[in-house]
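J.: So the sequences go chain by chain: A and B. Here the first sequence stands for residues 2 to 232, numbered as in my numbering. Here the second sequence stands for residues 15 to 284, numbered as in my numbering. Glycine included, every Cβ here is placed at the ideal spot set by N, Cα and C.
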Amino acid sequence: MSIGTLYLIVAIIAVALAVVAFFINRGNGRVMVGFTLMEIVIMAVIGVINGVLGTPNAMLGRLFMTFSGSYGFLAFAAICGGFYVAGPLCGYIIRKPGAATLAETMNGVAQVLSGNPNGIMVLAAGFLQGFMSDVAFAFYGYRKWTLSVLALSGALAPILQQIPEVYFFGVGDMGISYNLLALIIRMGSGALYAIILVKPIALALLRAGVLRGTQLAADERPLATTTQKLA
Amino acid sequence: MRRSAVFQFRSGASFFHRLDPLSKFAWLVGISLLAFGAYIAWVQIVITGIVLFTALVLARLSPVEIWRGTWLFVIACTSFLVIQTLTLPGTHVAFRIAGHPIYAESFDYALASALRIYTIILSSLVFVRTTDPRELAIALVTQMKVPYRIAYAFFIALRIIPTIEDEIKTIGAAQAVRGVARQGGIAGRIREMKRYSMPLLVGSLRKASMMVMSMEARAFGAFPKRTFVEPPRMTASGVVVRTVTIAAVVAWYAALATGLVHTMYVLAPA
Numbered sequence: 002m003s004i005g006t007l008y009l010i011v012a013i014i015a016v017a018l019a020v021v022a023f024f025i026n027r028g029n030g031r032v033m034v035g036f037t038l039m040e041i042v043i044m045a046v047i048g049v050i051n052g053v054l055g056t057p058n059a060m061l062g063r064l065f066m067t068f069s070g071s072y073g074f075l076a077f078a079a080i081c082g083g084f085y086v087a088g089p090l091c092g093y094i095i096r097k098p099g100a101a102t103l104a105e106t107m108n109g110v111a112q113v114l115s116g117n118p119n120g121i122m123v124l125a126a127g128f129l130q131g132f133m134s135d136v137a138f139a140f141y142g143y144r145k146w147t148l149s150v151l152a153l154s155g156a157l158a159p160i161l162q163q164i165p166e167v168y169f170f171g172v173g174d175m176g177i178s179y180n181l182l183a184l185i186i187r188m189g190s191g192a193l194y195a196i197i198l199v200k201p202i203a204l205a206l207l208r209a210g211v212l213r214g215t216q217l218a219a220d221e222r223p224l225a226t227t228t229q230k231l232a
Numbered sequence: 015m016r017r018s019a020v021f022q023f024r025s026g027a028s029f030f031h032r033l034d035p036l037s038k039f040a041w042l043v044g045i046s047l048l049a050f051g052a053y054i055a056w057v058q059i060v061i062t063g064i065v066l067f068t069a070l071v072l073a074r075l076s077p078v079e080i081w082r083g084t085w086l087f088v089i090a091c092t093s094f095l096v097i098q099t100l101t102l103p104g105t106h107v108a109f110r111i112a113g114h115p116i117y118a119e120s121f122d123y124a125l126a127s128a129l130r131i132y133t134i135i136l137s138s139l140v141f142v143r144t145t146d147p148r149e150l151a152i153a154l155v156t157q158m159k160v161p162y163r164i165a166y167a168f169f170i171a172l173r174i175i176p177t178i179e180d181e182i183k184t185i186g187a188a189q190a191v192r193g194v195a196r197q198g199g200i201a202g203r204i205r206e207m208k209r210y211s212m213p214l215l216v217g218s219l220r221k222a223s224m225m226v227m228s229m230e231a232r233a234f235g236a237f238p239k240r241t242f243v244e245p246p247r248m249t250a251s252g253v254v255v256r257t258v259t260i261a262a263v264v265a266w267y268a269a270l271a272t273g274l275v276h277t278m279y280v281l282a283p284a
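Spelled out as structure tokens, the structure:
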């Protein structure tokens, strides 16, 4: 099997997952839901800040890849989860279809404008990783918000995103097992970062009072009231 | 002038300042695609030359501004060049340094990689320096038909970028007066980043939400469409820039696909 066939299979799996997610949500009216201006601004701010902070990380990643020789792409894969956080975080806060995709696309644009060394590729990468993060939430009809769903959202993010990177970084020649291992490490990293960062950040922002009007604030309100009463 | 201060819009009257934002964005995308489509040193030298010419002549950036905006990346790119030249394998020894063979292929590839990174960063600098974020948002609405609420939200977020460094300094000062000491080492830096990122995010979201409230109080978003006093329009120069960029990208990838040009190592002796 060639590398092209491998990534064709990966792309087919990703598209199949997206189609299944679409049919799960088609009947319950959760395919196209409008965003309020505040929700769009939250996505933009989180996406842009994650993007601007991602640019020095990308530079460090490049240096890391250079120092690590042929293992560089694998080593970089381990810290890639940091780039995927904006999608699961916005999906978790906004809880509407497309939130992760929009946030990651804005993240990509911010990275391009702040001089990311990977150039325009990050724009496509941002959209693809956000789209796959959304697919994970869509599987549960945008109703289940446990750590396992967040982990799935982080894990699915690199599935399509790795394809353009393989071409641009020229790692296709490294063989199928190398590429498959890189994808598995990226998925693990995405899941780990999502588990560790998303919920604590979202809840801290909620406590700071800057997420008023979001679905997360509405869902957590009974819990907050009970905690206040107990205190 | 700090790097972050250089990496923001400054008004001007250069050719690139007068160009509409989407033509400049097309140029940025084209440069990125060309830079990533070549692992050959001479091609990257030509692309870097074009971007430098654009920065100096068409965007009228001074060499000092370019240096201040990219010096950190120049160091990083030079280190890539040195490390990759010394470590990558090759077959044709160009010369030796302290007995260590330097291969022509390795140097060619390393130079191409380093220049590619620099070209992309420099093209981003040209775009950011000559494009008013407000005009970019309006162009997204009028030319790309992006819903205006999304374009404006993005514009609000972009306005935050230049203030990030000042925000970090304010947070640091506020924490210092409360007795929080600065930490050294990698672990300390990571802990510091954690301490800084949450107040930064909260502060940015608070500012943005106040802006949203004042916009909604003025009926922003009440109508499905929005008109603009002076929307940016694509001029004849914009058409030329877009056409030349698209033609260059298509021609280069067609040449690669048909085998008219090699993808790497052309400096190596036959």
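Leaving aside the five residues before and after residue 75 of chain A along the sequence, list all residues of the same chain whose C-beta is less than 7 Å from its C-beta, in chain order.
T.: Counting only Cβ-Cβ distances below 7 Å, and skipping sequence neighbours, we find 182, 183, 186.
J.: Report the neighbours of residue 120 of chain A on chain B: residues whose CB is nearer than 7 Å to its CB, in chain order.
T.: The answer, in chain order, is 46, 49, 50, 134.
J.: Which partner residues does residue 107 of chain B have in the DSSP bridge list?
T.: According to DSSP, residue 107 of chain B bridges with B:117.
J.: Near residue 91 of chain A, which residues of its chain fall below 6 Å by C-beta distance, leaving aside the five closest residues on each side in sequence?
T.: 44, 47, 100, 101, 104, listed in sequence order.
J.: If you follow the alpha helix (DSSP H) that residue 83 of chain B is in, where does it begin and where does it stop?
T.: Where residue 83 of chain B is concerned, the enclosing alpha helix (DSSP H) stretches over 77 to 101.
J.: Chain B partners of residue 45 of chain A, CB-CB under 7 Å?
T.: 167, 168, 170, 171, listed in chain order.
J.: Please check if any C-beta of chain A sits within less than 9 Å of the C-beta of residue 131 of chain B.
T.: So yes, residue 131 of chain B belongs to the interface.
J.: What is the C-beta distance between residue 212 of chain A and residue 41 of chain A, in whole angstroms, given that I count them as a contact (C-beta under 8 Å)?
T.: Actually they do not touch by this definition, with Cβ atoms about 14 Å apart.
J.: Please report the distance separating the alpha-carbon of residue 151 of chain A from that of residue 190 of chain A.
T.: Each residue's alpha carbon lies about 12 Å from the other.
J.: Report yes if the C-beta distance between residue 77 of chain B and residue 86 of chain B is below 9 Å; otherwise report no.
T.: Not closer than 9 Å, so no.
J.: Quick one: what does DSSP say residue 141 of chain A is sitting in, helix, strand or coil?
T.: In the structure shown, residue 141 of chain A sits in coil (DSSP, three-state: anything other than H, G, I, E or B).
J.: Does the contact criterion of 3 or more C-beta pairs under 8 Å hold for the segment 153 to 164 of chain B versus the segment 99 to 112 of chain B?
T.: As far as the Cβ criterion goes, the segment 153 to 164 of chain B does not touch the segment 99 to 112 of chain B, which means the pair count is below three.
J.: Among residues of its own chain, excluding the 5 on either side of residue 251 of chain B, which ones have a beta-carbon nearer than 8 Å to its beta-carbon?
T.: The answer, listed in chain order, is 29, 32, 33, 37.
J.: Beta carbon of residue 35 of chain B, beta carbon of residue 153 of chain B: below 9 Å?
T.: It is a contact, given that the beta carbons lie within the stated cut-off.
J.: For residue 63 of chain A, return the contacting residues in chain B, with the cut-off set at a CB-CB distance below 8 Å.
T.: Chain B residues near residue 63 of chain A: 90, 94, 131.
J.: Determine the chain A residues that contact residue 75 of chain B at a beta-carbon separation under 8 Å, and present them in chain order.
T.: Result: empty, since nearest Cβ-Cβ is about 14 Å, beyond 8 Å.
J.: Does the separation of the CB atoms of residue 44 of chain B and residue 260 of chain B fall below 9 Å?
T.: Result yes, Cβ atoms of residue 44 of chain B and residue 260 of chain B sit closer than 9 Å.
J.: Residue 22 of chain B to residue 177 of chain B, Cα distance in whole Å?
T.: Whole-angstrom Cα-Cα distance: 10 Å.
J.: Is the distance from the Cβ of residue 150 of chain B to the Cβ of residue 169 of chain B below 9 Å?
T.: Yes, the pair counts as a contact, with Cβ atoms nearer than the cut-off.
J.: Taking beta-carbon pairs under 8 Å, can you tell me which members of the segment 209 to 236 of chain B lie near chain A?
T.: Listed in sequence order: 211, 212, 214, 215, 216, 218, 219, 220, 222, 223, 225, 226, 229, 230, 234, 235.
J.: So residue 49 of chain A and residue 122 of chain A are in contact, right, with Cβ under 8 Å, and what is the actual spacing, rounded?
T.: Incorrect: roughly 18 Å between the Cβ atoms, too far for contact.
J.: What are the residues that DSSP puts in a beta bridge with residue 210 of chain B?
T.: Per DSSP, none; premise fails for residue 210 of chain B.
J.: Does the beta carbon of residue 138 of chain B sit closer than 9 Å to a beta carbon anywhere in chain A?
T.: Answer yes: the Cβ-Cβ gap between residue 138 of chain B and chain A drops below 9 Å somewhere.
J.: I'd like the list of long-range same chain contacts for residue 41 of chain B, defined as Cβ closer than 7 Å, with 5 residues on each side in sequence excluded.
T.: These residues qualify, in order along the chain: 255, 259.
J.: Does the Cβ of residue 141 of chain B have 16 or more other Cβ atoms within 10 Å, making it buried, or fewer, making it exposed?
T.: Burial call: buried.
J.: Compare the C-beta of residue 152 of chain B with all C-beta atoms of chain A and state if any pair is closer than 9 Å.
T.: Not closer than 9 Å to any Cβ of chain A, the Cβ of residue 152 of chain B fails to qualify, so no.
J.: Under 7 Å between beta-carbons, which chain A residues line up against residue 163 of chain B? List them in chain order, please.
T.: Those are 38, 41, listed as they occur along chain A.
J.: Would you call residue 145 of chain B buried or exposed, if buried means 16 or more other Cβ atoms sit within 10 Å of its Cβ?
T.: Looking at its Cβ environment, which holds 16 or more other Cβ atoms inside 10 Å, residue 145 of chain B is buried.
J.: Would you mind reading off the limits of the alpha helix (DSSP H) that contains residue 173 of chain B?
T.: Here the alpha helix (DSSP H) through residue 173 of chain B covers 162 to 174.
J.: What three-state label does DSSP hand residue 15 of chain B in the structure shown?
T.: The predicted model places residue 15 of chain B with a pLDDT of 49, which falls under 50 and marks its position as unreliable; any figure quoted below should be read in that light. Coil, per DSSP.
J.: Could you tell me whether any Cβ in chain B is nearer than 9 Å to the Cβ of residue 213 of chain A?
T.: Closer than 9 Å: yes.
J.: Name the two residues that bound the continuous alpha helix (DSSP H) containing residue 105 of chain A.
T.: Unbroken alpha helix (DSSP H) run through residue 105 of chain A: 100 to 114.
J.: Considering only residues of the segment 147 to 187 of chain A, which uninterrupted alpha helix (DSSP H) runs meet the minimum length of 4 residues and lie entirely inside it, listed in chain order?
T.: Those alpha helix (DSSP H) runs which fall completely within the segment 147 to 187 of chain A and span 4+ residues are 148 to 157, 159 to 170.
J.: Could you confirm whether any beta carbon from chain A is found closer than 9 Å to the beta carbon of residue 70 of chain B?
T.: It does not: the Cβ of residue 70 of chain B has no partner Cβ on chain A nearer than 9 Å.
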